[in-house]
Amino acid sequence: MFSIFQKIAHHFLKKATTKSITSPFLKSSPNIIGHGHINGTYSLAAFNRSFFKALHDNKSSKVYVQPVEGKETDDIKNVPHRYKKWLQKSLLKEKTFPSAINIYNHYPLLIPKNKNNTNLALFFWEESLVPEHFIKTLNEHYDGALVTTHFVKKVLIDSGFEKRVSVIGSGLTFIPRNPQNLSPKNKVFTFFHNSSCFPRKGIDILLQAYTKTFSTQDSVKLIIKGFPNPHNEVEKLTQEIFSKHANPPCIEIINRDLSEPELSSMYFQADSIVLPTRGEGLNLPAGEAMICNKPLIITDYGAQVDFCNSENAWMIDYQYGFSKSHLRSPHSLWVNPDPDDLAKKMREIFEIWKSNSNKKNLNNKVTKAQKDASLFFNWSNVAKKAIQACNETTLDKQNKKKINLGWLSPWGNKCGIAEYSNFILKEFNKDEININIYSLSEIKDTSNDQFTISYFDELNKNQKNLKSLINKIIQDKIDVLIIQYNFNFFPISKFTPFIDILKHEKIKVIFVFHATKPLYSLKKTIFPKLKLCNRILVHTLSDMNFLKSYGLSKNTTLMPHGVINNSIPNKSADSIPRIEDKKLILGSYGFFMPHKGIFQLINSFKQILNIIPNAHLVLINAEYANRTSQEEVKRCMFHAKQLGIYHLIEWHTDFKSNADSLALIEKCDIMVFPYQKTQESSSAAVRMALATGKPVLTTPNPIFDDIQSITYQVKGSETKDITEGILNFLSLPKTDQQTLLDNQKQWLIDNDWKKISHRLQSMIKGLVYS
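Just remember that the numbering used here sits 3 ahead of the position in the sequence shown, which is counted from 1.
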């Protein structure tokens, strides 16, 4: 017999409907062919069976199924009995159709055979970036993508998929049934975790939190259900946690596949389900927990936020971190759930059970969870949305338009952001994107004939100029506006009110923050406006976490600075001098500003000369067009004369082309960036040095966090730290120096400006076409 809650859930799953979904009209209903895994317990196979059956039951198109288990097959012997009759009738017999919509869900990705048909990928991903080779396959061979959640849609677009991405939702492939012969529960509170136990499932966080807040003194048990796989280390992690605790609480490991009745029993014997995941593409166990009327503790990030929130679950706080999964790409993120917050929520639910009081809030949450899950996980609505997406994608093939891009930056200035804009835009495909530059520079670019340029150089002085900029953007019928923002350009608080106007005009807005720390001092009223942006692009992990602390996470994306990749040959550590060689050429690069630490570097150079008499210093540091920079140049030159080393320093204070700068850097043995305090998030100057393949030394400044793995970091920012760091680096074993250079070479490939530019261009397309 169903419990009363099971009856309610069953009713909702059968009857739940959403607003009517209208589809673009196609002259005929084409055949739909589903390709992918069908057999066995694999999660993609279970999803495909339910999804293709839902399309069939919709009856708006004839649906065929082509099972693929690495290669095409007609074998369906490992399909659950309830699907066999339908599948036998639906197996694809005729292998070609003049007109068909093909939907593929298979790992690895399949290459569609017929490009004339509409080909869609049903796609899942669990972290912030999809590997480049997958995106290349999708862009070259597919017309669009179907995804179950908005998280995966964002991930695909952010990774560079440039076609329509449609969110269709999901049903449940398994609905736990309340067993009739369920054993009576003893007086022990049971937390249940059901997953693959991959590292991204957060087993380490779960064990850490559980053993921190509970002990043998508590009537509590944690059951972790996984299955054997190469990435499952649950038994090792449990042994490690036991070795650290004198009185650990009860933990039970089930490391095998369970039948549906067995799994149902586990759900209904549990008192709470806990899922501290680092990233999910759907998270069906969360839906199963909600349908079972069980309190759910889950990470406040990933696919599940489409159906989990603070009103129906206990949401765990988190911080962004670089992914450590076996499928990670460079710069891909997942999140690290906060073990303290998880422990607090586990203890909260346990104490409510223990005291048998204050249950109103808990009961309200689990009741709402069951209702929300029943509405979200609805195969009938999934089929309707999928068919609509198929129709829209088919029409997309006939109606591609050129995108009108607006680009706001100090175009033409001698500054890092202007250089950033130039590197990005020169790689854009001008046949697909029409570029309109709105320049904040007083310098007119007369050499350019590729872009339309309008000048608004006094935005920070007059609000009317800002209004005229917005009017010009609307007049130019811009599809996407990218704002290359620096806090010196104009007050962001003056611009954010105009985001409402841009959104009303259906203009997609992308903010690029080259620094985020200055936001700390601004009014919090700007953050709700920034949530309206389609994307906020930042350059470092710390930027992502800083914005997250202000409630900005759903539209933030890590987009690293690029670097010139000259396809340099592999550098050998043998070219790096030793101290005993008594010769050394040090260099530094970037604008001549006080925070660049050039004054400290000159002092360090004086100390180096006492040990390496035949040393030289090459300062490729252009004087910036302001008083601060001019005075710093004078101060450093005067100081070098006082120290008696002025003649041993090459002073390149004029602004040089990239080619001339690279040639000067090539002369140096080591490049040093002794930065002092700065609010900037990322350094373009250090990337120029890295582009030559020369070893780079930096101070331990957050601006260098994103390149820490490919540079040598000295201990501090004082003169003695810089001197000691240079000498220590020269004394490193050649193998260590070579490892650093090899890592740097790979980093140059991963961060090539061409790749960054292509990814941003594809993101723009994805935002427009989706």
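Note that the Cβ used here is the ideal one computed from N, Cα and C, for glycine as well.
These numbers were taken from a predicted model, which means no experiment stands behind them.
Closest by C-alpha distance to lysine 644, out of Lys609, Ile436, Ala625, is Lys609.
Taking the Cβ atoms as the reference, lysine 586 lies roughly 7 angstroms from alanine 618, within the contact range of under 8 angstroms. Under DSSP, leucine 378 shares a beta bridge with no residue. Sequence-distant Cβ neighbours of glutamate 653 in its own chain, meaning closer than 6 angstroms and more than five residues away, are Val621.
Counting only unbroken stretches of 4 or more residues, the alpha helix (DSSP H) elements lying wholly within the stretch 675-703 are 687-693, in sequence order.
In the DSSP annotation of this structure, the continuous segment of the alpha helix (DSSP H) that includes isoleucine 611 starts and ends at 601-612. Contact between asparagine 425 and glutamine 373 does not hold, since their C-beta atoms are separated by about 55 angstroms, which reaches or exceeds 8 angstroms. Scanning Tyr441, Glu165, Gln69 for the CA closest to the CA of tyrosine 458 turns up Tyr441.
The continuous beta strand (DSSP E) containing phenylalanine 516 extends over residues 511-516. Histidine 59 and serine 53 have their C-alpha atoms spaced approximately 10 angstroms apart.
Taking the C-beta atoms as reference points, isoleucine 276 is found nearer than 8 angstroms to leucine 299.
Membership of lysine 357 in the alpha helix (DSSP H) is indicated by the continuous run 342-358. Taking a 10 Å sphere around the C-beta of glutamine 764, we find 16 or more other C-beta atoms and assign the residue as buried.
Assignment of lysine 224 by DSSP, reduced to helix, strand and coil, places it in the strand class. Taking a C-beta distance under 8 angstroms as the contact criterion, lysine 400 and threonine 742 do not qualify as a contact pair.
When rounded, the separation of the alpha-carbon atoms in cysteine 311 and threonine 280 is 13 angstroms.
Scanning its chain for C-beta atoms nearer than 6 angstroms, with the 5 sequence neighbours on each side dropped, one finds around threonine 214 the residues Ile244, His248, Pro251, in chain order. DSSP lists Val68 as the beta-bridge partner residues of leucine 94. Under DSSP, serine 442 forms a beta bridge with Ser412, Tyr458.
The residues Pro279, Pro342, Asp343, Leu345, Ala346, Met349, in chain order, have a CB closer than 8 angstroms to that of alanine 212 in the same chain once the five nearest residues on each side in sequence are set aside. Of the candidates Tyr553, Ile539, Asp577, Leu555, the residue whose Cα lies closest to the Cα of leucine 561 is Ile539. According to the DSSP secondary-structure assignment, tyrosine 592 is paired through a beta bridge with Ile623. From the listed residues Ile759, His84, Ser664, the smallest Cα separation to alanine 625 is found for Ser664. For arginine 690, the number of other beta carbons within 10 angstroms of its own is at least 16, and it is reported as buried.
Across the structure, asparagine 339 and leucine 95 are spaced so that their CA atoms are roughly 44 angstroms apart. DSSP places glycine 39 within a strand segment (E or B) once states are collapsed to three. Judged by DSSP secondary structure, serine 275 falls within the beta strand (DSSP E) whose first and last residues are 275-278. When DSSP assignments are scanned along the stretch 288-325, the uninterrupted stretches of beta strand (DSSP E) that are 3 or more residues long and fall wholly within it turn out to be 299-302, 317-319, 321-325. Within the same chain, and ignoring the five residues on either side of alanine 386 in sequence, the residues whose Cβ sits closer than 6 angstroms to its Cβ are Ala57, Leu58, Asn61. If you ignore the 5 residues before and after proline 182, its C-beta comes within less than 7 angstroms of the C-beta of Pro264, Ser267, Ser268, Phe271, all in its own chain and listed in chain order.
For threonine 742, the enclosing alpha helix (DSSP H) covers residues 737-753. Linking glycine 282 to isoleucine 579 through their CA atoms gives a straight-line distance of about 42 angstroms.
In this structure, the beta-carbon distance from alanine 662 to histidine 564 does not fall below 8 angstroms. For the options Ala518, Thr519, Lys506, Thr528, the alpha carbon positioned closest to that of cysteine 536 is the one of Lys506. Within the stretch 210-268, the complete beta strand (DSSP E) segments at least 3 residues long are 223-229, 253-258, listed from N- to C-terminus. Between leucine 149 and leucine 132, the gap from beta carbon to beta carbon reaches 8 angstroms or more.
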